[in-house]
Amino acid sequence: MVQRISRSSGRILFGLCSRPIATRAPLIGRESVRQYAVASTAHAGAAAAPVQYSPATKPPSARPAETRKSQMIRTYTSLLRTTPLILFFQHSNLTADEWAAVRRELQKALSVVPSTITGPDGQPVDISDNVKLQVLRTNMFDIALKIVEFYNPEAAAAMGTTARTARGPIVHDLSDAAYQAIHKADVTPESAYAQIAPLMVGPVAALVMPAVSPTHLAAALSILSPVSGSFPAPTRRKNPGYHDPICQNGLAKLTLVGGRIEGKVFDQAGVNWVGGIPGGLDGLRAQLVHVLQSAGLGITTTLEGGSKNLWLALEGRKEQLKEES
């Protein structure tokens, strides 16, 4: 239903419409428009100026910190700095069921390994639950490798060209200092990055261990990369789940290409050597003690041999002189 307006309101509207356009009063004064334009210009200039304040949880960075790629780089750099043993596998796009079957058998094999790692209190620590098999994003992992290998935050903090805030220099892994360091880095063939970079081709997965344990490594190799004699695969009678077709299809798509152990790069033969150390870490310590003892015994024998020969020569000359006199 259309509402009617009053006569007085109608006269006012008719008068406004009948007046010439030039004589109509503007709804917004020129002074108000000028003030609004000045305020808008000032606001735009303030937005374009660099922000001097940044929250402690989000310092300035060369990359947007909230993106998924940036978070993956931070995750990978932390992984490389804190994980002493990483094995790299090339995979041919396993399905979700195949990944689940492989991880199931890997966890089953690791759970029966006796722990040889001791904690700060001297008690054994079980690391089997912390051994993970995960798929890597090779592009982001490559950047993280460069940051860990060629970027030194302490050296960057001491440089005068490093950006700073009231809380100190900006030297985190996503900072401009890290960005400049990895782009100006001189990659030598002897560097760990130059040795690992050729492995980061195609789909890559990583087996991550929180500690160097040859016994756990041997158990993992017996599942993921079995070697007849050294790391034999479990028999069908002992572990029928390992011979499940889904698990076997997944394992057939995994290929061990190398590893990073204590910051050093190992090929497949080197990884097998570490996993084949008899007795694990205790056996390696016993071998080291034996080598040191053997070296000390050899030095002692050599020193004693020289003095003993000299004593025998002098005694022989003494007896000879007695006989001549």
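Note that the working numbering has the sequence shown beginning at 36, numbered continuously upward. Cβ coordinates follow ideal geometry from the N, Cα and C atoms, glycine included. Source: prediction; values computed, not measured.
Check: Reduced DSSP secondary structure (H/G/I, E/B, other) of Pro238; Outcome: coil
Check: Local conformation of His126 per DSSP, three classes; Outcome: strand
Check: Endpoints, beta strand (DSSP E) assigned at Arg272; Outcome: No beta strand (DSSP E) contains Arg272, which DSSP labels as neither H nor E.
Check: Nonlocal neighbours in the same chain, by C-beta distance under 8 Å from Arg138, ignoring five residues either side; Outcome: Leu168
Check: Simplified DSSP assignment, three categories, for Ser67; Outcome: Low local confidence applies: a pLDDT of 43 at Ser67 is under 50, so the model's placement there is unreliable, with the coordinate-based value given in what follows. Residue state, collapsed to three classes: helix.
Check: DSSP bridge partner residues for Arg199 (one or two, in chain order); Outcome: Pro204
Check: Alpha-carbon to alpha-carbon, Val292 and Tyr186; Outcome: 26 Å
Check: Candidates Tyr228, Glu358, Met194, Ile258, of which the one nearest Leu242 by Cα; Outcome: Ile258
Check: Cα-Cα separation, Asp279 to Gly298; Outcome: 36 Å
Check: Limits of the beta strand (DSSP E) - the one that Lys167 falls within; Outcome: 167-171
Check: Proximity of Arg295 and Ile231 at Cβ, strictly below 8 Å; Outcome: yes
Check: Simplified DSSP state of Thr110, which is helix, strand or coil; Outcome: helix
Check: Sub-8 Å separation of Ala191 and Ala212 beta-carbons; Outcome: yes
Check: Cβ pair Arg103, Asp208 closer than 8 Å; Outcome: no
Check: Pairwise C-alpha distance: Leu345 and Val300; Outcome: 50 Å
Check: Exposed unless 16 or more other CB atoms sit within 10 angstroms - verdict on Glu140; Outcome: buried
Check: Distance CB(Pro249)-CB(Gly310) smaller than 8 Å; Outcome: yes
Check: Contact set for Leu286: own chain, Cβ-Cβ below 8 Å, skip 5 residues either direction; Outcome: Val137, Ile258, Leu259
Check: C-alpha gap between Gly154 and Val236, whole angstroms; Outcome: 37 Å
Check: Segment limits, beta strand (DSSP E) that includes Val247; Outcome: Taken as a continuous stretch (DSSP letters only), Val247 belongs to no beta strand (DSSP E), as it is neither H nor E.
Check: Val183 vs Thr112 beta-carbon contact at 8 Å; Outcome: yes
Check: For Leu347, the three-state DSSP class (helix, strand or coil); Outcome: helix
Check: Cβ-Cβ distance between Gly246 and Ile162 below 8 Å; Outcome: The amino acid occupying residue 246 in the given sequence is Ala; Gly does not appear at that position. Yes, they are a contact pair.
Check: Cα-Cα separation, Ala227 to Gly264; Outcome: 31 Å
Check: Segment limits, alpha helix (DSSP H) that includes Val309; Outcome: 303-310
Check: Spatial neighbours of Ser75 in its chain, beta-carbon cut-off 8 Å, leaving aside the 5 residues before and after; Outcome: The predicted model places Ser75 with a pLDDT of 42, which falls under 50 and marks its position as unreliable; any figure quoted below should be read in that light. Closer than 8 Å at the Cβ level, and outside the excluded window around Ser75, lies no residue.
Check: Coil, strand or helix - Lys288 by DSSP; Outcome: coil
Check: Proximal residues to Leu234 (C-beta, below 7 Å), its chain only, five neighbours per side dropped; Outcome: Phe123, Val292, Gly293
Check: Same chain, Cβ closer than 6 Å to Met36, neighbours up to 5 away in sequence not counted; Outcome: Confidence is the limiting factor: at Met36 the pLDDT is only 49, short of 50, which leaves the residue's position unreliable, though a coordinate-based value still follows. Taken in chain order, the list of residues that qualify is empty.
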